[in-house]
Every structure is written in C-alpha cells, then in structure tokens.
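Q: Provided herewith is a single structure, encoded as structure tokens, for subsequent inquiry.
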C-alpha cells in the first residue's frame with residue numbers, strides 16, 4: 001500500500017514478509033464487512049416480495065434495486081481506491097460504512113420505487129464501493145505467503161452469512177414490516193465502521209508525488225495526481241489489460257448459474273424443495289472451495305495464474321455440463337455437477353484478487369483492484385441479460401448455460417496469453433511509471449522484465465531485483 | 001354436449017334401477033331414485049354431466065309436486081363405498097339440483113335387506129326411509145336435492161342402516177391460502193391486504209371486506225371513505241388498501257368471496273405499530289457500534305503511548321551509555337542511530353500494516 005518503501009521496511013520483511021499478527025485481525029474485519037456488503041445484497045430477495053406488494057410494481061422493476069446497488073459498488077470502487085491512496089484508508093472505509101447505513105436508513109422512509117433506487121441503490125452502493133476494495137487491498141498488503149488463504153477465509157463469509165441472514169431478515173420483516181427491517185439493517189451496516197477502525201492509520205503516502213505536483217502547474221498537477229491515485233497508468237499495461245479482459249469475460253458467465261439454477265432444476269422436472277436443496281448444496285460447496293483454494297494456492301506448488309486458469313476452465317466446463325446432467329432426469333447427476341460447479345466457482349473468488357499484485361505490483365494494488373472491479377462489472381451487465389434472452393428465445397436453459405460456460409473457457413484461454421505464462425516462475429512485477437508521463441516507455445518496461453534473471457518465486461524477495469526508480 | 005335424458009318411472013317400488021356408466025370421462029353415476037308414489041307423474045332425470053346448463057324439470061323434495069322449480073342446472077355426484085364410512089367434499093358455487101348417489105358393497109354378512117335413509121346435518125330427512133334389497137351384491141341409494149341457498153349447504157349423509165354411511169359435505173369453494181401471521185404496518189402509513197382464491201376453483205362474482213369491531217362484523221364501504229379505503233378486485237384476487245393508519249385500525253379483517261349461493265370467508269390480521277418499535281433495536285445497535293469504535297480508538301492510543309514511552313526510554317538509555325564511555329565517541333552515533341532505526345522500524349511497522 002505504501003509507495004515509499006524505506007530501507008527499514010525491506011530489511012524487516014526479508015524473506016518472511018508481513019504475515020499474521022494484526023493481519024488476522026484485519027481478516028476478521030474483512031469477514032464482517034464482506035458479509036455486511038455482499039451477504040446482505042444476496043439476502044435482499046426477502047424484501048423484494050414485500051416491495052412488489054406494497055408498491056404494486058413488477059418483480060423485474062424491483063429486481064433493479066439490487067442490480068443498481070451492485071453496479072454502484074463496482075462503479076465507485078476506483079473512487080474508493082483513489083481516495084484511499086490520497087487519504088487514509090481507515091477514514092474511507094468508515095465513511096463508506098456510514099454511507100451504506102445511511103442509504104438503508106433512508107430507504108426505510110421511501111414512498112415510491114424511485115426512492116429505493118436512489119437510497120438502496122446509489123447511496124448504499126457508493127458506501128459499499130468505498131468499503132470493499134480498500135479493505136481487500138489492506139488485507140492483501142498485510143500478507144504475502146498467506147494472501148490467498150486470508151482472502152479465502154474472509155470471502156467465505158458471503159456464503160455463510162447468507163445462510164444466517166435469510167432467516168434473520170424473514171424474522172425482522174415479520175415483526176417490523178419492511179420499513180422497520182430496513183432501519184435495523186441500516187444499523188447492522190454501521191458495524192462496518194468499527195471494522196474500518198481496525199485498519200491502522202498511516203501518514204499521507206505519496207508525499208513525494210504531492211511535492212512534485214505542487215511545483216508543476218495547478219491544472220496539470222491535479223490531473224496527474226488524480227490519475228496516479230486512480231492508477232490509470234495501468235490501462236496502458238498489456239498484462240493488466242489482458243487480465244482485466246479475462247476477468248470481464250469470467251464475470252459474464254459467472255453469475256448465470258446462481259440466477260438460473262433453481263429455475264432450470266424446476267424446468268427439468270424436480271420439485272421446489274429439490275431445486276432449493278441443489279442451490280444450497282452448491283452454495284456450501286462454494287464456501288468450501290473458497291477456503292480450500294486459498295489454502296492450496298498458498299502452498300506454492302503452482303503458480304497462481306496457472307491455478308486460476310485451471311479453475312476457470314473447470315468452472316466453465318461444469319456450467320456447460322449442468323443442462324446436460326438433467327437430460328436424463330437424474331437428480332444425482334444434477335447434484336454432483338452442481339457441487340463441482342459450486343466448488344470451482346468458490347476457488348475463483350479469492351484467486352481473482354490474489355493474481356492482481358502479480359500483474360500490477362503490490363504498490364499499485366489498491367488502484368488496480370478498483371479499476372478491475374469497474375471494468376469487470378460490464379461483464380456482469382452483459383452476461384445476465386444475455387442469458388435471460390437466450391432462455392426466452394430458445395425456451396430452455398441449455399443455450400444460456402452453454403454460452404456462459406464458453407465465456408469462462410474463453411476467459412481461461414485469454415489468461416494463457418499473459419506475458420511469461422508458460423514459465424515456471426512468476427515474472428517480476430512491472431514497475432509503475434515515473435511521475436512525468438503516464439505511459440512512459442512501455443517498451444522499456446518489457447525490456448526490463450526480460451532482462452532481470454530472477455529465480456525466486458517469492459515476490460517480496462524479488463524486490464531485490466527491482467531496478468532503481 | 002351430449003344430453004342423455006332418462007326418464008325414470010318408478011312404480012311403488014322400493015328398489016331402483018341402475019344406469020349405464022356415462023360415456024367419456026364423465027363420472028359414473030348410479031342413481032337409485034326412490035320416488036314415492038305421489039311423485040309418480042313427475043319425471044326425474046339423470047343427465048350426463050356437461051358444462052352447459054341443461055334444462056330439466058326436476059322435483060324438489062320439499063316443495064309440492066305441482067310447483068316447478070326454476071331452470072336450475074343439474075349435477076350428479078356418486079360414491080361407491082366398500083368400507084364403513086366415507087366423506088366426500090363437494091364445491092357448490094351456484095344453485096344446482098344435485099343428485100347424490102350412494103353405492104354400498106355390503107358388509108360381508110349376507111343380509112336380506114337394509115334400511116336406507118338420508119340425513120342432513122345430523123337430522124334425518126322425513127320420508128326418506130326405504131328398505132333396500134341388494135342388487136348385484138350392492139345396495140344403491142340416491143336422492144336429488146335442490147341446493148338453492150346457504151341453508152341448503154351442509155352435510156348430507158346417506159345411511160345404510162347402522163352399518164355404513166357416506167357423507168357429502170356441500171360447501172362454497174374455500175379460500176385455502178390464509179396468512180396466519182399478522183400484517184404489520186405503521187401509523188400514518190398505508191397497507192395492502194390480499195385475499196386470493198385458488199386457481200383451480202371458480203372465480204367469485206365479487207368480493208366483500210369486513211372489519212371486526214368488538215365482535216361485530218362491519219362491511220367496509222370503499223365508496224363512502226375513498227381516502228381511507230380502497231378495494232381492488234381482479235377475478236380471484238382482491239386487495240384492500242387502507243391509508244392513514246391509526247391504532248384503531250388494528251384488528252381482524254375479513255374478506256368474503258361472494259358466490260351465487262353463499263360467501264366464502266377468510267381473515268387477515270392487521271397490527272399497527274409506531275416507529276418506536278424498530279427504533280429500539282436500532283438504537284441498541286448504534287450504541288454497540290459507538291462503544292466498539294471508542295474501545296478500538298482508545299486501545300490504539302494506549303498502544304501508541306506505550307511505544308512512545310519505550311522508544312524514548314531506549315533513547316535516553318543510549319545517550320547515557322554514550323556519555324559514560326567518552327573513549328568510544330565514534331560508537332555513540334551507532335546506538336543513537338540504532339534507536340532511531342528502532343523507532344523508525346516500529347513506526348513503519350505500524351504504517352505498513
């Protein structure tokens with residue numbers, strides 16, 4: 001996170017790197033905040049039934065509330081990353097928690113559907129965007145060897161919390177109606193603030209850049225600072241762009257089974273309980289996959305990017321097998337494929353983030369993650385309506401599942417085009433540009449990459465290989 | 001639209017005739033009409049069931065023979081009983097001439113005859129006792145009833161002596177989807193209450209809503225108070241909207257599905273609460289958050305103070321050591337630098353994490 005790494009830092013890290021200690025406290029904080037962001041988003045369906053009845057609107061119009069919230073979270077992620085780079089991550093996360101809570105509290109007073117879009121969608125989404133990526137980046141920078149495991153453990157909260165939130169929200173709605181339940185939910189979201197308070201404060205980083213920016217003209221200086229906070233220079237980097245495109249395609253196909261699996265199971269002739277059980281089983285396998293992938297990838301037997309490619313391809317394959325498994329009407333086959341799919345999709349979630357510092361470097365991780373969230377959101381925006389359209393056109397889910405699975409397989413193929421893919425060790429991370437130009441010397445960067453002959457896989461150790469500058 | 005009319009002319013006989021099974025998917029109806037002599041000159045018809053009205057001149061069992069009963073549709077319902085008793089539920093939504101047929105296969109012990117009779121809601125129907133003789137090892141009993149109003153609905157039983165009984169429970173289509181938990185709403189807010197008839201059952205002619213005030217059911221007139229009440233109905237679904245709720249609106253609301261013959265009722269409970277109800281857990285959570293944040297900040301401040309005290313303590317110790325060893329002047333800088341480095345390390349540790 002800190003761009004200025006003193007000699008003391010490097011000496012202290014050494015081959016160990018920061019691992020454990022306060023890092024695990026931050027993992028717990030990320031666990032809680034992720035459950036309050038994504039776990040909450042997933043359980044909003046209980047409110048939607050009430051909204052349909054109260055506002056007399058169609059289910060589709062109501063479902064736009066959570067779509068707006070998710071889109072806002074992903075859209076404002078670079079903003080959260082930039083603010084964390086410019087100011088203090090702790091303040092950004094605490095402010096995000098307050099905004100998310102404010103959105104829900106205001107939503108409890110809504111009198112029309114537009115109010116809900118604005119409050120639950122935009123305001124809470126902005127808050128969530130200011131919370132998620134900064135916290136993930138903080139946790140990732142607190143670990144080196146156990147990064148994937150830390151993220152896997154933290155992200156398992158999404159699945160676990162939706163098990164807990166569904167009955168809880170149901171109870172709240174029955175006792176207090178949706179208005180009271182939203183008010184209490186706003187209060188629950190305020191718990192993100194103490195999670196943010198656990199992040200240690202640090203003095204304003206990038207002071208060197210600020211000094212040089214002040215000497216330059218005000219207009220150009222501000223722009224330069226903003227672009228450096230947003231890490232826009234990453235957009236000129238081929239490896240980052242490749243990776244982002246791969247993840248966008250992954251997003252296009254990733255959510256489809258979650259949305260359509262229950263409907264597809266019912267379509268295949270299974271009862272409502274059987275379909276719901278398949279979904280729950282896939283969710284449980286997902287939780288297990290998150291932690292398992294984190295633990296396994298940290299063992300270091302394989303490069304993260306190789307693991308990522310394999311898991312993506314497998315997930316795509318299993319998505320394509322889902323409609324095939326129901327062709328013969330066998331419940332066991334459907335259950336087996338769903339479990340495998342759930343496991344693979346769980347492995348992906350923590351790997352997606354852990355590969356980013358390999359591609360963009362640890363210093364630019366915050367901005368890299370923010371931009372990744374923003375760009376990959378387009379995949380989700382395209383993927384879900386496309387699958388719905390395919391289902392309407394063809395009449396069943398075969399086409400939409402096959403297309404989604406192929407998106408994932410295409411994504412894994414794109415990942416193989418990353419530079420130095422087929423080498424056995426990780427390449428050294430690419431350096432950030434100097435202050436003068438945004439896209440200075442892309443060619444010189446790749447030259448530098450090819451020149452340094454580094455044998456160590458550990459990224460922190462690679463810091464010794466970094467050319468000065 | 002087949003209409004098979006069979007005119008049964010029964011003499012002073014106690015036994016009836018059995019009819020052919022109906023064609024297609026229609027119900028098999030055995031009717032044994034036992035008609036007293038006095039009704040001999042009237043026709044009784046067994047009609048094949050069809051969806052349209054069938055003009056039939058039939059006899060009502062209560063009215064005098066000379067009076068024709070309107071043009072009611074007719075339907076037949078039959079049950080074959082092998083055991084001791086059976087209950088059949090019949091949904092009746094409009095006035096109808098319903099012929100109920102009972103067939104009993106006997107109890108095993110060979111009996112010569114058995115007294116068959118009808119009863120409604122536990123009370124025997126007069127003039128319905130007949131002695132039955134087995135026919136093809138079966139006892140058949142049938143009677144036509146005119147179901148024209150709410151009082152005609154109920155439980156009709158055909159009894160074979162004391163041995164066997166078949167109950168026909170005649171009722172309007174019931175609303176099965178009843179919400180057992182109360183609907184919660186807030187003072188000043190609006191609420192929507194829904195009553196839904198099952199898809200499989202016929203649509204009611206209209207819906208009515210009632211409010212229970214001190215065990216009295218009062219009909220809600222939406223036209224009288226349009227700002228407060230709004231009733232929407234759409235076939236099998238009805239919605240009651242109540243605006244500007246007050247505490248007095250709490251209580252039981254009844255919705256009635258009005259059919260030609262009777263009304264089916266269901267209920268919904270409304271509870272009106274103030275905003276202070278959810279505010280209590282909300283304030284509790286906010287207090288918890290504030291306490292947590294305060295604890296974390298205080299913990300951090302105390303940690304920082306400890307570190308400062310430790311760092312400055314080392315610094316003082318090193319300078320003292322330096323002054324005590326004047327010969328090693330060159331070495332004084334190292335411990336100091338070390339102390340600075342230590343401080344730097346601890347602060348960077350804090351910064352980095």
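Chains as they are written, first to last, in the working numbering: chain A, 1 to 469; chain B, 1 to 353. Ideal Cβ positions, reconstructed from N, Cα and C, are used throughout, including at glycine. Keep in mind the model is a prediction, meaning the values are calculated, not measured.
(1) Kindly indicate which residue of 257(A), 74(A) and 173(A) has the alpha-carbon position closest to the one of residue 49(A).
(2) Hey, is residue 181(B)'s beta-carbon within less than 7 Å of any beta-carbon in chain A?
(3) Would you mind working out which of 278(A), 283(A) and 335(A) sits nearest residue 160(A), comparing C-alpha positions?
(4) 7 Å is my cut-off, CB to CB: does residue 184(A) come that close to chain B?
(5) Do residue 305(A) and residue 362(A) have their beta-carbon atoms positioned less than 7 Å apart in this structure?
(6) Which chain A residues sit within Cβ distance under 9 Å of residue 194(B)?
(7) Sorted by chain position, which residues of the same chain lie with C-beta nearer than 7 Å to residue 19(A)'s C-beta, five sequence neighbours on each side aside?
(8) Across the segment 370 to 380 of chain A and the segment 177 to 195 of chain A, are there enough close Cβ pairs to call them in contact, namely three or more that are closer than 8 Å?
(9) By the 10 Å Cβ neighbour count, where 16 or more other Cβ atoms means buried, how is residue 424(A) classified, buried or exposed?
(10) Please confirm whether residue 177(A) has its beta-carbon closer than 7 Å to some beta-carbon of chain B.
(11) Closer than 8 Å by C-beta to residue 25(A): which residues in its own chain qualify, once you throw out the five before and the five after it? Chain order, please.
(12) Do residue 72(B) and residue 104(B) have their beta-carbon atoms positioned less than 7 Å apart in this structure?
(13) Leaving aside the five residues before and after residue 124(B) along the sequence, list all residues of the same chain whose C-beta is less than 8 Å from its C-beta, in chain order.
(14) So what does DSSP say about residue 2(B), is it helix, strand or coil?
(15) Using beta-carbon positions only, say whether residue 147(B) and residue 100(B) come within less than 7 Å of one another.
(16) In the segment 155 to 174 of chain A, which residues sit with their C-beta less than 9 Å from some C-beta in chain B, listed in chain order?
(17) Verify the CB distance criterion: does residue 185(B) have a CB-CB separation below 7 Å to chain A?
(18) Okay, do the segment 115 to 124 of chain A and the segment 239 to 247 of chain A touch, 3+ Cβ pairs below 8 Å being the bar?
(19) Please report the distance separating the alpha-carbon of residue 427(A) from that of residue 110(A).
(20) Is the CB of residue 197(A) under 7 Å away from at least one CB in chain B?
(21) Quick one, which residues of the segment 239 to 255 of chain B are near chain A if we go by CB-CB under 8 Å, in chain order?
(22) Interface residues of chain B around residue 180(A) at Cβ under 7 Å?
(23) Counting pairs of Cβ atoms below 8 Å between the segment 318 to 329 of chain A and the segment 294 to 304 of chain A, do you hit three or more?
(24) Check whether the segment 176 to 184 of chain B and the segment 212 to 231 of chain B touch, using three or more Cβ-Cβ pairs below 8 Å as the test.
(25) Is the number of C-beta pairs between the segment 306 to 320 of chain A and the segment 344 to 352 of chain A that are closer than 8 Å three or more?
(26) For the segment 40 to 54 of chain A and the segment 153 to 171 of chain A, state whether three or more C-beta atom pairs, one from each stretch, are separated by less than 8 Å.
(27) Can you give the Cα-Cα distance for residue 202(B) and residue 152(B), rounded to whole angstroms?
(28) Determine whether the beta carbon atoms of residue 303(A) and residue 349(A) lie at a separation below 7 Å.
(29) Inspect the beta-carbon positions of residue 177(A) and residue 190(B) and report whether they are closer than 7 Å.
(30) Three or more beta-carbon pairs under 8 Å between the segment 67 to 76 of chain A and the segment 149 to 159 of chain A, yes or no?
(31) Any C-beta of chain A sitting closer than 7 Å to the C-beta of residue 299(B)?
(32) Going by CA-CA distance only, name the one from 121(B), 143(B) and 135(B) that's closest to residue 356(B).
(33) Using the beta-carbon of each residue, which ones in chain A are nearer than 7 Å to residue 166(B)?
(34) What are the residues of the segment 281 to 292 of chain B that lie near chain A, defined by any Cβ-Cβ distance shorter than 7 Å?
(35) My output table needs one value for residue 287(B): the three-state DSSP class, helix, strand or coil.
(36) Grab the span of the beta strand (DSSP E) containing residue 160(B) for me, first residue to last.
A: This is what the structure gives:
(1) Here residue 49(A) refers to the residue found at position 49 when the first chain is read from its first residue. With distances taken between Cα atoms, residue 49(A) lies closest to 173(A).
(2) Position 181 of the second chain, counting from 1, holds the residue named residue 181(B). Interface residue, yes.
(3) What you label residue 160(A) is simply residue 160 of the first chain in a count that begins at 1. Selected option, being the one with the closest Cα: 283(A).
(4) Along the first chain, read from residue 1 onward, the residue named residue 184(A) stands at position 184. Chain B contact via Cβ: present.
(5) Counting from one through the first chain, the residue named residue 362(A) turns up at place 362. Counting from one through the first chain, the residue named residue 305(A) turns up at place 305. No, these two residues do not count as a Cβ contact at 7 Å.
(6) If you number the second chain from 1, residue 194(B) lands on position 194. Here the neighbours are 53.
(7) Sequence index remark: in the first chain, residue 19(A) carries index 19 (1-based). Closer than 7 Å at Cβ, skipping near neighbours: 143, 144, 145 and 146.
(8) no
(9) Taking the first chain and counting its residues from 1, the one referred to as residue 424(A) is at position 424. So residue 424(A) counts as exposed.
(10) Translated into the one-based positions of the first chain, residue 177(A) becomes position 177. Yes, residue 177(A) counts as interfacial toward chain B.
(11) Your numbering for residue 25(A) matches position 25 in the first chain. For residue 25(A), where only same-chain residues beyond five positions count, the Cβ hits under 8 Å are 198.
(12) Locating residue 104(B) in the second chain gives position 104, counting from the first residue. Locating residue 72(B) in the second chain gives position 72, counting from the first residue. Not in contact: residue 104(B) and residue 72(B) (Cβ atoms no closer than 7 Å).
(13) In the second chain, residue 124(B) corresponds to position 124, counting from 1. So the qualifying residues of the chain are 117 and 118.
(14) Taking the second chain and counting its residues from 1, one reaches residue 2(B) at position 2. Confidence in residue 2(B) is poor, its pLDDT being 40 and thus under 50, which makes the residue's placement too unreliable to answer from.
(15) For the purposes of this step, residue 147(B) is identified with residue 147 of the second chain, where counting begins at 1. For the purposes of this step, residue 100(B) is identified with residue 100 of the second chain, where counting begins at 1. For residue 147(B) and residue 100(B), no; Cβs fall outside 7 Å.
(16) 172, 173 and 174
(17) Looking up residue 185(B) in the second chain gives position 185. Yes - at least one Cβ of chain A is within 7 Å of the one on residue 185(B).
(18) no
(19) As a working mapping, residue 427(A) is identified with position 427 in the first chain. As a working mapping, residue 110(A) is identified with position 110 in the first chain. Residue 427(A) and residue 110(A): Cα-Cα distance of roughly 53 Å.
(20) Reading the first chain from its first residue, position 197 is the one you call residue 197(A). Chain B contact via Cβ: present.
(21) none
(22) For the purposes of this step, residue 180(A) is taken as the residue at position 180 of the first chain. Under the 7 Å cutoff, chain B gives 277 and 278.
(23) no
(24) no
(25) yes
(26) yes
(27) Reading the second chain from its first residue, position 202 is the one you call residue 202(B). Reading the second chain from its first residue, position 152 is the one you call residue 152(B). One C-alpha to the other measures close to 20 Å.
(28) The count along the first chain starts at 1 and reaches residue 303(A) at position 303. The count along the first chain starts at 1 and reaches residue 349(A) at position 349. Contact flag unset, no.
(29) Here residue 177(A) refers to the residue found at position 177 of the first chain. Here residue 190(B) refers to the residue found at position 190 of the second chain. No, the pair does not count as a contact, with Cβ atoms beyond the cut-off.
(30) no
(31) Start at 1 with the first residue of the second chain, and residue 299(B) comes out as number 299. No, no contact with chain A.
(32) Summary: the structure shown does not reach residue 356(B), with chain B confined to residues 1 through 353, and so no result is reported for it.
(33) Working through the second chain from its first residue, we reach residue 166(B) at position 166. Going along chain A, no residue has its Cβ under 7 Å from residue 166(B), so there is no contact; the nearest lies around 34 Å.
(34) 281, 282, 285, 286, 289 and 292
(35) Position 287 of the second chain, counting from 1, holds the residue named residue 287(B). It is helical.
(36) Reading the second chain from its first residue, position 160 is the one you call residue 160(B). Counting along the chain, the beta strand (DSSP E) containing residue 160(B) begins and ends at 154 to 160.
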